[in-house]
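Down below is the structure, laid out as structure tokens.
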Amino acid sequence: MRLLKQKNLTLQAALEECKASETTNKQLKAMQSNGAETVHYAKTRPSRSQGQAKTKFKQPHRRTQMPEANCGYCGKYHAKDKSKCPAFGKKCAKCDKPNHFARVCKAGSKKIHMIQGNVAEEDEEVYTPLAIVISEADFKKYGQRTTPSRARLKLYDGSILKPVGQGVLKTIHQSKVIDLEFQIVKTRQSPLLSAETCTMLGLITLNTVNHVSTTEQIVEKYTDVFEGLGCLPGEYHIEIDKDVKPVQHLPRRVPVPLKAQLKAKIEELERKNVIARVTKPTDWISSMVVVKKPGKMRICLDPKDLNMALHRPKYQIPTLEEVLPRLAKAKVFSVLDAKDGFWQVKLDEESSYLTTFWTPFGRFRWLRMPFGISTAPEEYQRRQHEVLEGLQGVDVIADDILVFGCGDTDEEADRDHDVNLSRLLERARESNLKLNKRKMRLKLKQVPYMGQLLTARGLRPDPEKVKAIVEMPTPDDVRAVQRLLAVEEIKKLVTAQPVLQYYDVEKEVTIQGDASDKGLGAALLQEGRPVAYASRALTPTEQNYAQIEKECLAIVFAAQKFNQYIHGREVVTVQSDHKPLEVIFKKPLLDAPKRLQRMLLRLQKYHLKVIYRKGTEMHIADTLSRAYLTQTESKTRRDEYEILKIQEAKREDREIEEVKPAEYIRVSDMTLDRVRLHTQRDEVMQELKKTIKKGWPDNKTQLKKEIRDYWTFRDEISMHDDIIYKGQAIVIPAELREEMIQKTHASHQGAEACIRRARETIFWPGMSAQLRERIGRCDVCKTYQPKQQREPLMPHPTPTTPWSRVSMDLMTLGNQHYLVTVDNYSDYWELDELHQNTTARNVIHKCKQNFSRHGIPMEVVTDNGPQFASEEFKEFAKTWNFRHVTTSPYHSQSNGKAESAVKIAKNLLKKAAADGKDPWISILGWRNTPTQGQDSSPAQRLMSRRTRTPVPIMTKALEPKVVQDVPHSITERKARTKRRYDEGARSLPPLQPGQQVRVEVAPNRKTAEWRSGTLVERVSPRSYEVEVDGAKYRRNRKHIRETTEEPKPSTDEETTAPATAESTADTTTTTPTPYVTRSGRTVKEPDRLNL
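First residue of the sequence shown? That's 0 in numbering that gives the first Met the number 0, and the numbers climb one at a time after it.
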């Protein structure tokens, strides 16, 4: 009867059906001959949420007189001894916790029970734990307590039965006593026992062939293959183009809340010998990207610049034509995946230093091949093929390992598969290839490969390739009809064989990805002709993405959908109608917003080249994104391998959806709430949000004027939770900007420091300029500014004759005062004791003695001490006919010659006193010592002769001799000094009378302050007179700062009366002037009543 029901019955199918019937009859006869009692039984299959392994039904507790028990750790029967339990010391393949197997794991499984009344036709279903059912009436006869049940029972006819409760009954058969847990139902029926329970009670005997059928068995036998970090044979040397200039990225800041977790992760990778600390200089330094996930963290490399310099290895992926002959009789398939694939390839030392990257805790390098290196996919696939080469029934599909069994019958294929799987695991053990136990899927009926489906019945086209077109919804409004006329005809055209061409591994690949408000569309093209299509609806969360995020998500969707076509290819061209994406894909990962970072990380294993193309030229992707499949993921039946892939993709999608940029910046929740509130109130922000949602136009002029300032940053702007972000910084609405400026400048740091601090967390157009302007007006910052940079040296004119230009200064040593007078031509100096009398009269008296000895100089340079600023000294200068020049107060280097002579004189006097010698002998010796860099002594240059000293000397050497070229040697010496001094110096712009300035009134004080004043006049090239609070001061240009402040209103008319300027550096005045203190302040006579 079963043969008659089949359509298109073939001889081969009929033979297989007959063989199966004969086998079944033999097994039934064997079971009946054993004398076992006939029982009803039911089978239970717990349903699993996506990503969960199969969960067994709770095993019944066994109580027997024998010393055995049903173990809750391994699910088997053995003596009550931990050492006898095979699960002891092992890890669960489901929850990764120790000392139990996945079959008894209780980690969050949701049980949905199915009851069927027929004998299982497949061995693996017989081994499934089954439910035990009893009617409510029968259970009450035993008077046992019941508990609520959350199980759902599916009957053989498909109907659902809800138990009213559950309870435990003692069940006895022969000498065996077992406590069984029954599901209690209201219907009147005979109790149903599961096949496993019947076996335990000895009611039936099952004879089966021991096949490799469970993940637990594999993991238990090959524990070492699934634990630890593998290392494939040989080290990998990264070839680099020496002509490319190395790039060294600067270290990036990491939010404080993440530092502890990041440090722990780095230490973990160090312990695993995945990374190592770097202490020596390296040519290449890349940035680090931190991806935070719930409960864990991932560290990635951003080697965009390094990838530009790498020579990529050429490795050809096997074509479909090469693989198909080996799969001619394949009927069963298993799929395995390497654990931490790239990390199983060890780098040589030279290559390791190329992968150096910055962290907040120093530099590190990868010892294993890191994720993100452009050469990694080809190199890993090549090594994986080399390791598995020669294994029968084993092939590599993209990043998965395929094990298949061939045979004329299912039994032969099963045996062949088990042998091939064992050989693979042995090879993995030998080559130290580690596999991922969580991604292992055994004995599948079909797997996708290069757009086709490998099945037990041969190769057939993958319906997913054309599903987006075939299931495209029919237009239901006017616009939809205009967009897609004659939809059914187009469906037939684009899915016909001449249009949908076969994938050719030799041809270039182009991907088109597009996003609409509610859907994604993608197409894979070769030579402009489609190979495959895909589309899906956006989730509610994804519909709220910014348009740039939707467009990038379309590329992620396309890359994952067409993974088997593009994985490992050298270059894949991606066409997008969103121009900012073209820029985003060229920038470092850290410059992209957080959600885009996650998407770009998922695309790192592909070599994509994103180019802009108008939407009107991307007909297929644009149409699919608007007429998308209604579900966010396919609802068709899938095998376990496909379900796993979907679960991984959904997990990654959730990671993107759950990105919270606020976690990566140091902003309080209260501040975020205020920003969110004011963003909603700000009209400009609302207009910006609309633009982000619908996408940026092609031209800046198409934007409203109020948001055109954001045009330059359009590829970095995104929106999350009603807050707008520029990269990782929050875009601040106008009403909060002044407050943010105040908070940023609360510690009164400099403008550049405040700008750097602000850029970490906040942004608005023109923020840097506003911060500089505001800080430039800060009175506190202006008052306590640092000293200005030095200006280039301005040497005095070189004298051409001895004693024509002299410099003077007072010196104090102990309680004695001295007058030092030095000749600028010869460096010869005179030392006169003033004792305690430092009046102008005494200073003038010493000057007359020196001038009468050496002659009257043409010019005398002094500071602004009261002795030199007095009327007596001015009269002395006038009477003796020399030009008196004073330097800027607090600028001693203007009188550098005198300052240098003072240092020498002090040093000589101190040493003479310490040695108990006559200081004048020391001075005599110094005057006759040749100057460094010259062949003459100060005495020779001044007097054209040597003076006799205690040191023996020939009489001829004391004869007069004029020293030649002294001015030339002085000029050369000044030039050398100026070159050294001017390194790092810069000129300050000149100031104008009436200009508002800030001036250091007392620069020599430790707590010097910059006070506000008005510039009165320019006294000399670098000396100015400034009025501060009614008093006038003469200061050097380095003690005066420009300011944009408004002049303060005067409160005392009397103090604004002009005062006579101090003596200048370029003119000599003989008119009476007010008394000027040594610090440069002008002292005024008091106004008196004229009575």
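Glycine residues also receive a C-beta, built at the ideal position from the N, C-alpha and C atoms. The structure presented is a predicted model; accordingly, all values stated were derived computationally and were not measured.
* To do: Could you say which of A553, L353, S624, C70 lies nearest to Q1130 if we only look at CA atoms?
  => Nothing can be reported for residue 1130, as the shown portion of the chain is limited to 0 through 1090.
* Asked: Do three or more CB pairs link the stretch 787 to 806 to the stretch 971 to 981 at distances below 8 Å?
  -> They touch, by the three-pair rule.
* Please classify W357: does DSSP put it in a helix, a strand, or coil? => The sequence position of residue 357 within the sequence shown is 358, counting from 1. Of the three classes helix, strand and coil, the one that applies to W357 here is strand, per DSSP.
* Is the beta carbon of A839 sitting closer than 7 Å to the one on Q866? -> Against the sequence shown, residue 839 aligns to sequence position 840. Against the sequence shown, residue 866 aligns to sequence position 867. Result yes, Cβ atoms of A839 and Q866 sit closer than 7 Å.
* May I ask you to report which of helix, strand or coil DSSP gives W925? => Your numbering for residue 925 matches position 926 in the sequence shown. Annotated three-state conformation of W925 is helix, per DSSP.
* **Test item: CB-CB of K436 and F225 under 7 Å** => Counting from one through the sequence shown, the residue named residue 436 turns up at place 437. Counting from one through the sequence shown, the residue named residue 225 turns up at place 226. In contact: K436 and F225 (Cβ atoms closer than 7 Å).
* To do: Out of P256, S351, S285, E759, state which residue places its alpha-carbon closest to the alpha-carbon of I274.
  => If you number the sequence shown from 1, residue 274 lands on position 275. Of P256, S351, S285, E759, the residue nearest in Cα terms is S351.
* Contact set for L268: own chain, Cβ-Cβ below 6 Å, skip 5 residues either direction -> Reading the sequence shown from its first residue, position 269 is the one you call residue 268. Once the five neighbours on either side are set aside, the close Cβ partners of L268 are I274.
* Asked: Hey, how far is the Cα of T9 from the Cα of Q563?
  -> As a first step, residue 9 must be located in the sequence shown, where it is residue number 10. As a first step, residue 563 must be located in the sequence shown, where it is residue number 564. Between T9 and Q563, the alpha-carbon positions lie close to 34 Å from each other.
* **R736 - DSSP class collapsed to helix/strand/coil** => Here residue 736 refers to the residue found at position 737 when the sequence shown is read from its first residue. It is helical.
* Asked: Which residue's Cα is closest to the Cα of K295: K262, M307, D301, N272?
  -> Within the sequence shown, the letter at position 296 stands for residue 295. Relative to K295, the option among K262, M307, D301, N272 whose CA is nearest is K262.
* **For L595, the three-state DSSP class (helix, strand or coil)** => For this step, residue 595 is matched to residue 596 along the sequence shown. Three-state DSSP puts L595 in a helix.
* Report back the beta-carbon spacing between S189 and I131 to the nearest angstrom; my notes put them in contact at under 8 Å. => Within the sequence shown, numbered from 1, the residue matching residue 189 stands at position 190. Within the sequence shown, numbered from 1, the residue matching residue 131 stands at position 132. Incorrect: roughly 12 Å between the Cβ atoms, too far for contact.
* **Pick from V386, L326, E1016, S285 that is closest to W357, judged by C-alpha positions** => Residue mapping note: residue 357 aligns to position 358 of the sequence shown, counting from 1. The shortest CA-to-CA distance from W357 to any of V386, L326, E1016, S285 is the one to S285.
* In this structure, does DSSP put C197 in helix, strand or coil? -> Position 198 of the sequence shown, counting from 1, holds the residue named residue 197. When DSSP states are grouped into helix, strand and coil, C197 belongs to the helix group.
* Every unbroken alpha helix (DSSP H) within the stretch 271 to 315, with a cutoff of 4 residues, ordered by chain -> Counting only runs of at least 4 residues, the stretch 271 to 315 fully encloses the following alpha helix (DSSP H) elements, listed from N- to C-terminal order: 303 to 306.
* Local conformation of N1089 per DSSP, three classes -> Start at 1 with the first residue of the sequence shown, and residue 1089 comes out as number 1090. At N1089, the pLDDT of 38 sits below 50, so the modelled position is not reliable and the matter cannot be decided from this model.
* Asked: CA-CA distance, A12 and D407?
  -> Residue numbering aside, residue 12 sits at position 13 when the sequence shown is read from its first letter. Residue numbering aside, residue 407 sits at position 408 when the sequence shown is read from its first letter. Distance between the alpha carbons of A12 and D407: 12 Å.
* **Close-in-space but distant-in-sequence residues of the same chain around L602 (CB under 8 Å, 5 per side omitted)** => What you label residue 602 is simply residue 603 of the sequence shown in a count that begins at 1. Cβ neighbours of L602 beyond the five flanking positions: I554, V555, A558.
* Contacting residues, own chain, Cβ-Cβ under 7 Å from G164 (five flanking each side not counted) -> The residue labelled residue 164 in the question sits at position 165 within the sequence shown. These residues qualify, in order along the chain: T145, T146, P147, S148, I183.
* **Extent of the continuous beta strand (DSSP E) run through L443** => Along the sequence shown, read from residue 1 onward, the residue named residue 443 stands at position 444. Counting along the chain, the beta strand (DSSP E) containing L443 begins and ends at 440 to 443.
* **Run of the beta strand (DSSP E) containing S1019, from where it starts to where it stops** => As a working note, residue 1019 is residue 1020 in the sequence shown. Bounds of the beta strand (DSSP E) holding S1019 are 1009 to 1019.
* Which residues bound the beta strand (DSSP E) around Y611? -> If you number the sequence shown from 1, residue 611 lands on position 612. Counting along the chain, the unbroken beta strand (DSSP E) around Y611 starts and ends at 607 to 611.
* R804 - partner residues in DSSP beta bridges -> On the sequence shown, residue 804 is found 805 positions in, with the first residue counted as 1. Paired residues: E858.
* **Contact set for D240: own chain, Cβ-Cβ below 7 Å, skip 5 residues either direction** => Counting from one through the sequence shown, the residue named residue 240 turns up at place 241. Answer for D240: A308, H310, listed in chain order.
* Asked: Taking the DSSP output, what are the residues bridged to F332?
  -> As a first step, residue 332 must be located in the sequence shown, where it is residue number 333. DSSP, once it has assigned bridges, lists F403, L443 as partnering F332.
* Asked: What are the start and end residues of each continuous beta strand (DSSP E) run of 3 or more residues lying completely inside the stretch 721 to 766, in chain order?
  -> Scanning the stretch 721 to 766 for uninterrupted beta strand (DSSP E) segments of 3 residues or longer gives 722 to 725, 728 to 730, listed from N- to C-terminal end.
* Would you give the residue range spanned by the beta strand (DSSP E) that Q525 belongs to? => Here residue 525 corresponds to residue number 526 of the sequence shown, with the count starting at 1. Start and end: 518 to 525.
* With a threshold of 16 other CB atoms inside 10 Å of the CB of L833, please say whether the residue is buried or exposed. => Looking up residue 833 in the sequence shown gives position 834. When all chains shown are included, L833 counts as buried.
* Residues of its chain near E377, where Cβ-Cβ distance is below 7 Å and the 5 sequence neighbours each way are ignored -> Within the sequence shown, the letter at position 378 stands for residue 377. Spatial neighbours of E377 in its own chain (CB-CB distance under 7 Å, excluding positions within 5 residues in sequence) are listed in chain order as R311, P312, Y314, G567.
* Asked: Is S575 buried or exposed, if buried means 16 or more other CB atoms sit within 10 Å of its CB?
  -> By one-based count along the sequence shown, residue 575 stands at place 576. In this structure S575 is buried. Its beta-carbon is surrounded by 16 or more other beta-carbon atoms within 10 angstroms.
* Using the Cα positions of I265 and L607, report the straight-line distance between them to the nearest angstrom. => Start at 1 with the first residue of the sequence shown, and residue 265 comes out as number 266. Start at 1 with the first residue of the sequence shown, and residue 607 comes out as number 608. Cα to Cα, I265 sits roughly 30 Å from L607.
* Asked: Between I723 and I761, which are expected to be in contact by the criterion C-beta below 8 Å, what is the C-beta distance as a whole number of angstroms?
  -> Indexing the sequence shown from 1 puts residue 723 at position 724. Indexing the sequence shown from 1 puts residue 761 at position 762. With 8 Å as the limit, I723 and I761 do not qualify as a contact, their Cβ atoms being about 11 Å apart.
* **Boundaries (first-last residue) of the alpha helix (DSSP H) holding R428** => Reading the sequence shown from its first residue, position 429 is the one you call residue 428. Where R428 is concerned, the enclosing alpha helix (DSSP H) stretches over 409 to 430.
* **Nearest residue (CA-CA) to S1111, options P280, P791, V386, D415** => This structure does not reach residue 1111, given that the chain is present from 0 up to 1090, and the question cannot be answered.
* Given E215 as reference, the closest of K330, K89, T885 once Cα atoms are compared -> Counted from its first residue, the sequence shown places residue 215 at position 216. It is K89.
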